[in-house]
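Heads up: the structure comes next, in structure tokens.
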Amino acid sequence: MNPTIEVQGLRRAFGAKAVVDGLDLTVARGEVFALLGPNGAGKTTTINILTTLMDADSGTARVAGFDTRTHSTEVQRRISLTGQSAAVDDALSATENLIMFSRLAGLDRVAARRRAADLIERFDLTDAASRRVRTFSGGMRRRLDLALSFVVTPEVLFLDEPTTGLDTRSRRDLWDLIRTLAAGGTTVFLTTQYLEEADQLADRIAVLHDGRIAALGTPAELKARIGGDTVELHDARGELVREVATDGSIADLRRALDVLEAEGRDGTVALRRPTLDDVFLAVTTTRRTEEHA
Ligand SMILES: Nc1ncnc2c1ncn2[C@@H]1O[C@H](COP(=O)(O)OP(=O)(O)O)[C@@H](O)[C@H]1O
Ligand SMILES: [Mg+2]
Numbered sequence: 043m044n045p046t047i048e049v050q051g052l053r054r055a056f057g058a059k060a061v062v063d064g065l066d067l068t069v070a071r072g073e074v075f076a077l078l079g080p081n082g083a084g085k086t087t088t089i090n091i092l093t094t095l096m097d098a099d100s101g102t103a104r105v106a107g108f109d110t111r112t113h114s115t116e117v118q119r120r121i122s123l124t125g126q127s128a129a130v131d132d133a134l135s136a137t138e139n140l141i142m143f144s145r146l147a148g149l150d151r152v153a154a155r156r157r158a159a160d161l162i163e164r165f166d167l168t169d170a171a172s173r174r175v176r177t178f179s180g181g182m183r184r185r186l187d188l189a190l191s192f193v194v195t196p197e198v199l200f201l202d203e204p205t206t207g208l209d210t211r212s213r214r215d216l217w218d219l220i221r222t223l224a225a226g227g228t229t230v231f232l233t234t235q236y237l238e239e240a241d242q243l244a245d246r247i248a249v250l251h252d253g254r255i256a257a258l259g260t261p262a263e264l265k266a267r268i269g270g271d272t273v274e275l276h277d278a279r280g281e282l283v284r285e286v287a288t289d290g291s292i293a294d295l296r297r298a299l300d301v302l303e304a305e306g307r308d309g310t311v312a313l314r315r316p317t318l319d320d321v322f323l324a325v326t327t328t329r330r331t332e333e334h335a
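Per the working numbering, the very first residue in the sequence shown carries number 43; after that it's consecutive.
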């Protein structure tokens with residue numbers, strides 16, 4: 043197998059602080075790969091290195107068959123990175139922006155118009171096609187940003203926190219769109235702070251912790267390590283008074299409720315899905331246990 047992304051021993055420090063500290067990972071062609079980590083974990087730094095915007099201090103990264111340091115132009119030709127909407131002209135419409143980008147990519151006038159019309163339809167921007175970008179909602183901007191990444195079909199699409207700051211509806215729309223793009227064969231490398239987002243989109247998830255991969259696997263594998271939903275008990279004011287972790291099975295849910303009842307507690311019960319915090323707790327606890335063993 044010829045991987046589309048291959049990272050070995052990648053390091054990058056800012057001052058004395060190693061932000062990326064020995065990162066190893068491989069992404070297969072056509073795979074959707076999620077790098078999951080909290081704010082400040084080093085996600086954007088990693089994306090910046092992989093997209094040739096930044097040099098690593100050491101280690102190597104190959105993207106679409108080329109070394110990001112020695113063959114940056116070849117890499118740039120084969121990838122696109124969204125979140126670069128600084129390049130969008132707010133005073134122009136979505137169609138005008140798409141035509142401008144297409145012309146910059148070398149298409150002639152007729153081809154650029156055709157490409158813009160295609161992308162408007164594919165990225166569900168028809169209603170907004172002739173409106174100035176200045177008037178766009180966050181979700182529409184994100185869709186235009188993605189559409190611009192497909193003026194030239196990339197081999198690898200990099201998405202840095204694609205849905206951060208969007209409302210639930212726009213987030214779901216964008217997930218659908220990313221799934222459609224991935225189904226078309228584009229390799230997708232995305233970063234996110236949301237376990238649910240990684241779970242929804244990714245074939246494999248890497249958990250970034252202390253600048254390296256603390257856990258790696260399919261969503262099902264990771265969730266098996268994290269466990270199931272947590273039963274929460276809230277008092278009359280809605281304050282959380284007690285939580286009991288479960289493995290997600292009916293029997294264990296019943297056991298959790300029995301625990302609360304046996305303690306003679308009063309209140310309202312709710313179920314909480316695992317969060318990023320639960321992932322980190324599970325991953326770091328396992329690691330510590332393994333180190334002790
Ligand atoms: N250019 C820079 N100069 C100094 N520190 C930086 C720079 N870029 C990022 N950092 C620091 O590196 C850490 C990781 O940043 P970043 O990669 O942006 O994380 P994430 O995208 O996961 O939120 C943060 O503590 C951030 O302050
Ligand atoms: Mg970031």
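We put the beta carbon where it would ideally sit given N, CA and C, even for glycine.
Where do the ends of the alpha helix (DSSP H) carrying E305 lie?
Sequence index remark: in the sequence shown, residue 305 carries index 263 (1-based). Element bounds for E305: n/a, residue is neither H nor E.
Please state the DSSP three-state secondary structure of D63.
Residue 63 sits at position 21 when you count from the first residue of the sequence shown. D63: strand per DSSP, three-state reduction.
Counting by C-beta, which residues lie closer than 7 Å to a heavy atom of ligand 2, in chain order?
This criterion selects K85, T86, D202, E203 and T233.
Would you give the residue range spanned by the beta strand (DSSP E) that S100 belongs to?
Counting from one through the sequence shown, the residue named residue 100 turns up at place 58. Element bounds for S100: S100 to V105.
CB of V283 to nearest heavy atom of ligand 1: below 8 Å?
Residue 283 sits at position 241 when you count from the first residue of the sequence shown. No.
Put L123 into one of helix, strand or coil per three-state DSSP.
Mapped onto the sequence shown, residue 123 falls at position 81. If DSSP states are grouped into helix, strand and coil, L123 belongs with the strands.
So, do the region 201 to 211 and the region 163 to 178 have three or more beta carbon pairs nearer to each other than 8 Å?
With the cut-off at 8 Å, the region 201 to 211 and the region 163 to 178 do not touch.
Can you find the residues in the same chain that come closer than 6 Å, C-beta to C-beta, to V193, ignoring five residues on each side of it along the sequence?
Here the question's residue 193 lines up with position 151 in the sequence shown. If we look at V193 and ignore the five residues flanking it on each side, its Cβ neighbours are F143, S144 and A147.
Spell out a yes or no on whether the region 257 to 272 and the region 99 to 108 are touching, meaning 3 or more CB-CB pairs, one atom from each, closer than 8 Å.
No, the region 257 to 272 is not in contact with the region 99 to 108.
Going by Cα to Cα distance, which pick from R104, A240 and A287 is closest to E50?
On the sequence shown, position 8 is the one that residue 50 refers to. For clarity, residue 50 is Gln in the given sequence; the question names Glu instead. That would be R104, whose Cα lies nearest to the Cα of Q50.
Quick check on this structure: which residue in L299, R111, L232 and V283 has the alpha carbon closest to the alpha carbon of D271?
In the sequence shown, the residue the question calls residue 271 occupies position 229. Per the Cα distances, L299.
So the beta strand (DSSP E) R184 belongs to, where does it begin and stop?
Stepping through the sequence shown from its first residue, residue 184 is reached at position 142. Here R184 belongs to no beta strand (DSSP E); instead the alpha helix (DSSP H) covers G180 to S191.
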